[in-house]
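Everything on this sheet refers to the single structure shown next.
So, in structure tokens, the structure goes:
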């Protein structure tokens with residue numbers, strides 16, 4: 004109903020809950036059972052929308068299962084701002100066509116280089132946003148703006164003409180890394196340890212070799228190589 008001009012609601016909080024509910028389904032969350040709790044009478048994933056603002060413990064478990072079986076990788080793929088389709092509006096915090104800057108509404112803006120009311124640069128400012136902008140001036144060419152994150156990545160430097168750091172560059176795919184134990188691909192050294200850190204947290208690391216030889220061959224929740232279209236786990240192969 005929210006997409007119909009005749010039946011669209013004017014209750015932003017309620018509509019937001021409906022959107023959160025549907026997004027929950029996309030993230031592996033099922034409808035709540037009567038035993039699910041969130042500290043409120045009902046939760047976001049209740050079968051009927053009630054305007055709740057909290058996910059339940061059941062929803063948290065559903066999401067955890069999604070992540071453990073590899074379904075949460077898409078959440079790490081941050082879209083480029085240029086690919087976001089929206090109506091340009093001064094004050095939304097997004098730099099859009101026709102704007103010099105956008106630091107949010109006049110009430111929340113703390114950027115002295117940007118006039119929040121017009122989304123134009125303040126007098127005397129050459130920039131307002133970007134890692135190559137300092138004190139409203141564009142950094143000189145050669146100023147570091149993005150460091151190397153691993154042996155397959157390259158650092159980037161300001162070019163002196165724009166306030167934004169250049170695109171991320173990395174060394175050629177296929178070159179050896181980690182003492183010749185792995186290969187570079189798209190700026191990453193594709194080791195098991197790196198994948199664990201990328202998916203979970205900095206202290207994560209690959210399991211012992213015995214896990215690859217036994218647990219992953221079972222094809223269950225804790226040892227698998229993905230899901231089939233029917234939702235069953237795929238047993239891994241030693242080959």
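Numbering (our numbering), first residue to last: 4 to 242.
Every residue gets a Cβ at the ideal spot worked out from N, C-alpha and C, and that includes glycine.
- The beta carbons of residue 93 and residue 102 sit closer together than 8 angstroms.
- Scanning 68, 135 and 100 for the CA closest to the CA of residue 226 turns up 68.
- In the structure shown, residue 87 adopts coil according to DSSP, grouped into three states.
- For residue 186, the enclosing beta strand (DSSP E) starts and ends at 185 to 188.
- Residue 140 carries a strand assignment under DSSP once its states are collapsed to helix, strand and coil.
- Restricting attention to 31, 106, 95 and 62, the CA atom closest to the CA of residue 78 is found in 31.
- If you draw a straight line from the Cα of residue 149 to the Cα of residue 214, it comes to about 37 angstroms.
- Boundaries of the beta strand (DSSP E) around residue 149: 147 to 149.
- Here residue 180 carries a strand assignment [DSSP, helix/strand/coil].
- In terms of Cα proximity to residue 19, the closest of 70, 48, 43 and 151 is 48.
- Straight-line measurement puts the Cα of residue 21 at about 40 angstroms from the Cα of residue 136.
- For the 8 angstroms CB-CB criterion, residue 154 and residue 192 form a contact.
- Classified as buried, residue 62 has 16 or more neighbouring CB atoms from the shown chains inside 10 Å of its CB.
- Taking a 10 Å sphere around the C-beta of residue 98, we find 16 or more other C-beta atoms and assign the residue as buried.
- Secondary structure at residue 35: coil, using DSSP grouped into helix, strand and coil.
- Using a Cβ-Cβ distance cut-off of 8 angstroms, the stretch 176 to 193 and the stretch 205 to 213 are not in contact, since fewer than three pairs of beta carbons, one from each stretch, lie closer than that value.
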